[in-house]
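A short worksheet on the structure shown next.
In our numbering, the protein residues as written are 24 to 442.
Laid out in structure tokens, this is it:
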């Protein structure tokens with residue numbers, strides 16, 4: 024389990040973790056420490072702790088060397104040195120108890136001159152590991168006692184004001200250094216959080232794009248298969264209700280059924296191939312454009328649907344592929360709905376437009392005569408067309424007109440050349 028937690032640590036620190044403070048590693052990877060225990064020291068932590076310990080001893084020895092029987096009583100000198108030694112030993116607790124050590128160093132530093140080095144280390148650690156409010160209170164109280172300390176125990180080799188100013192400046196530098204280290208760590212935490220949020224947002228955007236792509240494929244599947252399967256349903260129904268039809272008509276209907284089934288299976292294979300690949304497949308059959316509208320109308324006429332086509336576009340190949348494909352699907356869905364809900368009626372298809380004006384698609388049919396057998400359907404075709412037209416930057420309207428005809432009208436943007 025411990026190895027697993029280590030493996031989950033931030034990849035950016037793998038191979039050089041010993042260069043970073045354990046507190047920083049723990050903050051960036053809270054689960055890496057394990058069971059809520061305090062993070063173990065890294066090689067850098069040991070090096071810094073030994074350095075702080077030796078700095079506290081060195082400053083304490085310099086302070087002890089400055090004390091003489093002339094300016095310090097012997098008993099106070101002994102107490103001073105004992106407190107200084109204990110303070111240097113307490114430096115090893117600075118990571119675990121930074122606030123407690125800094126508070127303890129206020130009275131100890133006031134009584135012991137040799138504890139000055141340990142006090143600086145304690146205040147530096149407090150500034151690094153705790154918020155500014157702790158630093159302000161504790162360091163402020165310690166700084167306020169500096170004039171009183173040198174009043175009671177004057178420095179023999181320095182004037183009073185110079186000693187006070189030097190000590191205050193040194194304390195401010197130590198605390199400022201600690202605050203600088205803490206700010207750099209906070210900046211690193213902030214950048215790491217931003218990076219994690221960016222990664223999460225990137226994953227969400229990728230999932231959303233994949234979902235939108237799958238929805239587009241689902242709409243494409245409905246548009247394609249609904250057209251093919253409606254042909255199957257209409258001609259199968261004709262064979263069922265007219266078993267005495269001429270042999271040529273039966274053969275023609277069977278041929279349409281076979282061809283529609285073949286086309287539906289081929290379209291289904293392509294769509295399943297796209298889903299398996301996880302991306303659009305440009306190697307399959309070309310997507311229909313406005314130029315394929317004549318072939319669609321011819322296919323519907325061969326299936327027995329009366330269609331009047333008014334293609335008012337001079338050059339269908341000049342229409343952008345995405346706009347032409349959307350217009351093709353709108354006409355295809357309109358013809359499919361007319362075959363399902365108004366069989367035997369004449370469908371009027373009109374497509375007009377020019378660059379800079381847009382492309383207008385109009386499909387209408389009269390109400391059916393008599394009762395129409397129910398043909399199963401999802402009821403989502405027109406909804407899908409509205410979404411498709413909106414995504415293309417256009418709009419789509421559908422419904423029954425005042426003259427009783429059901430109409431689907433769409434406008435799609437067609438930019439002027441050079442734009």
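Think of the CB as a built atom: it goes at the ideal place given N, C-alpha and C, for glycine as much as any other residue.
Exposed unless 16 or more other CB atoms sit within 10 angstroms - verdict on residue 313:
buried
Using DSSP with H/G/I as helix, E/B as strand and the rest coil, what is residue 112?
helix
Can you tell which of 414, 102, 259 has the C-alpha that lies nearest to the C-alpha of residue 276?
259
Reduced DSSP category for residue 325 - H, G, I as helix; E, B as strand; rest coil
helix
Opposite residue 434 in the DSSP bridges: which residues?
383, 418
In whole angstroms, what separates the C-alpha of residue 28 from that of residue 63?
Residue placement at residue 28 cannot be trusted, given a pLDDT of 41 that sits under 50; what the coordinates show is reported in the next sentence. The alpha-carbon atoms of residue 28 and residue 63 are separated by roughly 13 Å.
Alpha carbon to alpha carbon, what distance is there between residue 223 and residue 195?
41 Å
Neighbourhood of residue 437 by C-beta distance below 8 Å, restricted to the same chain and skipping five residues each side
342, 343, 346, 376, 377, 378, 379, 380, 381, 382
Can you grab the Cα-Cα spacing for the pair residue 138 / residue 188, in whole Å?
19 Å
As assigned by DSSP and simplified to three states, the class of residue 454:
For the chain, the structure presents residues 24 to 442; residue 454 sits outside this window and is missing.
Residue 307 to residue 207 span [Cα, whole Å]:
Unreliable placement is indicated for residue 307, whose pLDDT of 48 sits below 50; the coordinate value is still reported in the next sentence. Near 55 Å, if we compare the C-alpha coordinates of residue 207 and residue 307.
Is the distance from the Cβ of residue 114 to the Cβ of residue 76 below 8 Å?
yes
Going along the chain, which unbroken runs of the alpha helix (DSSP H) with 4 or more residues stay wholly within the segment 99 to 182?
121 to 134, 139 to 152, 155 to 167, 169 to 175
What do you reckon, are the CB atoms on residue 106 and residue 125 nearer than 8 Å?
no
At the level of alpha carbons, what is the spacing between residue 288 and residue 328?
23 Å
Less than 8 Å between the C-beta atoms of residue 164 and residue 129, yes or no?
yes
Can you tell me which of the three DSSP states residue 330 falls into?
strand
Excluding sequence positions up to five away, which residues of its chain have a Cβ less than 6 Å from the Cβ of residue 442?
Because the pLDDT of residue 442 is 49, which lies under 50, any placement of that residue in the model is unreliable, and the question is left without a value.
For residue 427 and residue 390, which I take to be in contact (beta-carbon distance under 8 Å), what is that distance rounded to the nearest angstrom?
5 Å
Name the DSSP bridge partner or partners of residue 377?
381
Cβ-based neighbour list, residue 369, same chain, cut-off 8 Å, excluding 5 preceding and 5 following:
329, 330, 331, 388, 389
Does the beta-carbon distance from residue 183 to residue 172 come in below 8 Å?
no
First and last residue of the uninterrupted alpha helix (DSSP H) at residue 67
66 to 89
State buried or exposed for residue 104, treating a residue as buried only when at least 16 other CB atoms are found within 10 Å of its CB.
buried
Do residue 354 and residue 408 have their CB atoms nearer than 8 Å?
no
Mapping the DSSP letters down to three states, classify residue 368 as helix, strand or coil.
coil
Going along the chain, which residues of its own chain have a beta-carbon closer than 7 Å to the beta-carbon of residue 226, five neighbours each way excluded?
none
Classify residue 392 as helix, strand or coil using the three-state DSSP reduction.
coil
Residue 424 beta carbon less than 8 Å from that of residue 433:
no
Contact defined as beta carbons within less than 8 Å: I believe residue 140 pairs with residue 98. What is the distance between those atoms, to the nearest angstrom?
Actually they do not touch by this definition, with Cβ atoms about 22 Å apart.
Straight-line Cα distance separating residue 338 from residue 267:
45 Å
Can you tell me the Cβ-Cβ gap for residue 283 and residue 255, rounded? I've got them flagged as a contact below 8 Å.
5 Å
Within 8 Å, strictly: CB atoms of residue 136 and residue 81
no
Those residues which DSSP pairs with residue 282 across a bridge:
DSSP lists no partner for residue 282.
I need the straight-line Cα distance from residue 217 to residue 109, nearest angstrom please.
44 Å
Cβ-Cβ distance between residue 326 and residue 279 below 8 Å
yes
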